[in-house]
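Numbers given in my numbering equal positions in the sequence shown, counted from 1, plus 10. See below for the structure under consideration.
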Amino acid sequence: MVVPLETPSLNSTLSLPYSVQGLVQVFTTSERSFFTNVMAQALRIAGQGTSVLIVQFLKGGIRQGYERPIQMGQKLDWIRCDLPRYIDTPDLDASENQALQQLWQHTQKVVNEGKYSLLVLDELSLAINFGLIPETEVLDFLSKRPSHLDIILTGSHMPQSILDVADQITEIRRSHQP
């Protein structure tokens, strides 16, 4: 029998006999990739009763902005940048850049409200490397997050400064060439 661990939110009156400390986990690879194992982990955790938010910064095309999250069950919200395409270049027009910035601001706002216990920031490293989200803002966000919050960052070529603050780093690489 699996019993979900109830973690306190910022507004919670739950009193645990110990402190629940969230982790920063990084999943990275040398190539742009879909992190199936991370998504499976998020689905599993949500299925056990923990609130999860998945944010895909560079995916678009399906009108799934923060105002229209896909809700999977009662505990998983999945949002993307509200764009007609996926982002594969740092060259965005003004409306695309605005959509990405709104998604980043929304993510920070809802995380600081304490609603979620797991946050997946998919392809955040590419958004940083493209210069679309400042690395210093991400580091500040990580340092000021609610203490119970687990964060998973994915993407290729993760900046060293983020690797330095991570509690766990998983590097995914091919063991053979097809």
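No residue lacks a Cβ here, since even glycine has one placed at the ideal position from N, Cα and C.
- In the structure shown, Phe-151 adopts helical secondary structure according to DSSP, grouped into three states.
- Contact between Cys-91 and Leu-63 does not hold, since their C-beta atoms are separated by about 14 Å, which reaches or exceeds 8 Å.
- Here DSSP, grouped into helix, strand and coil, assigns Asp-132 to strand.
- Here DSSP, grouped into helix, strand and coil, assigns Gln-66 to strand.
- The beta carbon of Pro-144 is closer than 8 Å to those of Ile-138 in its chain, skipping five residues each way along the sequence.
- In the three-state reduction of the DSSP assignment, Ser-105 falls in the helix class.
- In the DSSP assignment, Arg-54 falls outside any beta strand (DSSP E) and within the unbroken alpha helix (DSSP H) covering 46 to 57.
- Among the bridge pairs identified by DSSP, Thr-180 is matched with Phe-37.
- If you draw a straight line from the Cα of Asn-107 to the Cα of His-116, it is about 14 Å long.
- Closest option to Thr-39, judged by alpha-carbon separation, among Leu-136, Gln-84 and Asn-122: Leu-136.
- Judged by beta-carbon spacing, Asn-122 lies within the 9 Å limit of Arg-155, meaning their Cβ atoms are closer than that value.
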